[in-house]
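Enquirer: What follows is a single structure, and I will ask about it in a moment.
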Amino acid sequence: MLRFPIEWKELYGSYDERRSAMISNLNLNGEWTLACVWNRQGIKFKLDFIEIHRKITCEETCEKTVSGTLSLRENGHTVSTQTFSKSVKSGSSFTKLINLRQDISFIPWDVRKVRHSLHGVVNILSVSEKCSSDFESKGCKMCIQPKSLVQLSDDFERLLNPQTSCFSDVNLKCDSASIPAHKLILSARSPVFAAMFKNPMKETHENEVDITDIDASVLRAMITYIYTGKTSGLTVSSASDLLFAAEKYQLLDLKRVCCDFLKESISLQNVMWILVLGDLHAEDLKSFSVDYICKNYTNFAEFEKIEEWESLRKVKPTLALDILTALLKSEDEKKEG
């Protein structure tokens with residue numbers, strides 16, 4: 001087990017354009033880094049999350065458990081103490097340890113008046129260290145399995161190589177692109193494709209499927225995920241498009257991946273967009289967005305000033321009412337607290 005005592009006295013970092021937030025990092029060792037995520041709120045930056053990041057290496061095979069206790073101090077006084085225990089899945093690069101509810105913020109040009117620091121301990125335990133002695137002689141199955149899955153993913157990815165397209169039995173046509181694929185794999189992964197190829201439809205006889213409601217780049221990303229379970233280079237825009245595709249083709253795991261990415265990327269600048277996506281495709285993403293709005297806007301009067309509110313109120317009045325109700329409830333709870 002790795003144990004890291006934390007005495008972090010400089011929590012202010014640099015602005016990350018991709019996440020629209022100020023990120024500060026504390027290197028624990030060559031693999032693990034602690035990060036504070038400060039989201040912009042008007043002229044202030046508000047501390048929303050404390051995360052743990054790890055550098056992925058080809059040798060990384062096991063899930064990790066990250067646990068400990070962290071106390072946040074403001075001008076030397078403890079304002080928040082939280083104990084956590086989180087799982088970092090094999091192949092995952094980071095996870096959120098703490099989601100802060102308090103209003104802990106600073107104004108960039110006023111940092112000398114308000115100083116924040118973080119204290120405590122972080123423990124990192126490998127799943128392999130928790131394996132029972134029954135497995136020691138024959139190896140931990142939980143740790144060996146991911147290596148095989150990575151190899152399986154790589155092997156299936158080779159089926160998408162144009163040089164092996166002679167083995168394909170269907171072409172997916174989208175815009176000007178034609179993507180060779182395999183009915184068996186598509187059917188095993190997507191109930192929509194399974195129904196399409198099982199029933200006597202035009203696609204079954206002609207071995208062609210016309211995809212008209214998503215772009216070719218989105219289709220390629222979706223097919224890559226179907227074959228390999230991989231996504232790469234996700235952005236809020238591409239994850240939004242993939243979420244729509246995952247919903248249509250009933251790819252529940254891809255839907256989860258897109259929702260997780262959008263939750264990690266949420267900011268005051270894109271929360272309304274992600275809220276609408278959640279309303280259309282994923283109830284948990286909608287709930288997450290509503291909670292984010294309630295946490296980052298102190299009252300409805302402040303929220304209704306943003307440009308997107310008037311448009312949302314006209315186009316999606318029911319969703320607007322949901323936000324209004326949640327904000328008023330949150331405002332009452334803050335007054336009572």
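Residues in the sequence shown are numbered consecutively from 1, following the UniProt record's numbering. Cβ coordinates follow ideal geometry from the N, Cα and C atoms, glycine included.
Whose CA, out of I98, N299, N270, N161, lies closest to the CA of H182?
Expert: Comparing Cα positions, the closest option is N161.
Enquirer: Between V66 and V121, is the Cβ-Cβ spacing less than 9 angstroms?
Expert: Cβ distance not < 9 angstroms, so V66 and V121 don't count as in contact.
Enquirer: Could you give the distance in angstroms between the alpha-carbon of T296 and the alpha-carbon of K46?
Expert: The sequence as given places Asn at residue 296; Thr does not occur at that position. Going by the C-alpha atoms only, they are around 8 angstroms apart.
Enquirer: Using the rule of at least 16 other Cβ atoms within 10 Å of the residue's Cβ for burial, across every protein chain shown, is S14 buried or exposed?
Expert: S14 is exposed by the Cβ-count criterion.
Enquirer: Hey, T231 and A221 are a contact pair by Cβ (cut 8 angstroms); roughly how many whole angstroms apart?
Expert: The pair is a contact, with the Cβ atoms about 7 angstroms apart (cut-off 8 angstroms).
Enquirer: Measuring CA to CA, which of C258, V290, R158 is closest to S330?
Expert: It is V290 whose Cα lies nearest to the Cα of S330.
Enquirer: Quick check on the DSSP output: the alpha helix (DSSP H) that includes N296 runs from which residue to which?
Expert: Its alpha helix (DSSP H) spans residues 283 to 296.
Enquirer: Quick check on DSSP: helix, strand or coil for P191?
Expert: Note: P191 maps to helix in three-state DSSP.
Enquirer: In three-state DSSP terms, what is M1?
Expert: Looking at M1 - three-state DSSP - the assignment turns out to be coil, as it is neither helix nor strand.
Enquirer: By DSSP's criteria, I6 is part of a beta bridge. Which residues make up the other side?
Expert: BP columns for I6 point to G120.
Enquirer: Could you check where the beta strand (DSSP E) with C36 kicks off and where it finishes?
Expert: Start and end: 32 to 41.
Enquirer: Can you check whether the C-beta of N99 is within less than 9 angstroms of a C-beta belonging to chain D?
Expert: In the structure shown, chain D cannot be found, because there is only a single protein chain.
Enquirer: Looking at T78 and E51, is the spacing between their C-beta atoms short of 9 angstroms?
Expert: Not a contact, by the Cβ cut-off of 9 angstroms.
Enquirer: Would you kindly work out how many angstroms separate the C-alpha atoms of R115 and D16, rounded to a whole number?
Expert: Answer to the nearest angstrom: the Cα atoms are 21 angstroms apart.
Enquirer: Candidates S237, N299, K305: which alpha carbon is nearest A326's?
Expert: Ranking S237, N299, K305 by Cα distance to A326 puts N299 first.
Enquirer: So, using beta-carbon positions, are V192 and Y225 closer together than 9 angstroms?
Expert: The answer is no: Cβ separation not under 9 angstroms.
Enquirer: Run the CB neighbour count on K255, radius 10 Å, all protein chains shown included, and call it buried at 16 or more, exposed below.
Expert: So K255 ends up on the buried side.
Enquirer: On a Cα-Cα basis, can you pick out the residue from P180, S237, Y249 that is closest to A195?
Expert: With distances taken between Cα atoms, A195 lies closest to Y249.
Enquirer: Starting from T224, follow the alpha helix (DSSP H) in both directions and report where the run begins and ends.
Expert: It spans 216 to 228 - the alpha helix (DSSP H) in which T224 sits, taken as one unbroken run.
Enquirer: Going by the DSSP bridge assignment, what does D155 pair with across the sheet?
Expert: The partner list for D155 (beta bridge, DSSP) is empty, contrary to what the question assumes.
Enquirer: Rounded to the nearest angstrom, what separates K86 and L319 at their Cα positions?
Expert: Near 32 angstroms, if we compare the C-alpha coordinates of L319 and K86.
Enquirer: For I323, which residues in the same chain have their Cβ closer than 7 angstroms to its Cβ, ignoring the five residues on either side in sequence?
Expert: Cβ neighbours of I323 beyond the five flanking positions: V290, I293.
Enquirer: Tell me the DSSP secondary structure of K138 in three-state form.
Expert: Its pLDDT being 46, under 50, K138 is placed unreliably by the model, and the measurement read from it follows with that caveat. The answer is coil: DSSP assigns K138 none of H, G, I, E or B.
Enquirer: So is S178 buried or exposed if we call it buried at 16+ other beta carbons inside 10 Å?
Expert: By the 10 Å Cβ count, S178 comes out exposed.
Enquirer: Below 6 angstroms CB to CB, which residues in the same chain sit around I185 once its five sequence neighbours on both sides are set aside?
Expert: Closer than 6 angstroms at Cβ, skipping near neighbours: no residue.
Enquirer: For C174, list the residues DSSP reports as bridge partners.
Expert: For C174, which the question treats as bridged, DSSP gives the partners A177.
Enquirer: Kindly examine the ligand NAD and report whether one of its heavy atoms sits closer than 8 angstroms to the Cβ of F4.
Expert: Inclusion of the ligand NAD in the displayed structure is not the case, the ligand content being empty and no account of it being possible.
Enquirer: Look at the alpha carbon of N207 and the alpha carbon of K173, and state the distance between them as a whole number of angstroms.
Expert: Cα to Cα, the separation comes out at about 11 angstroms.
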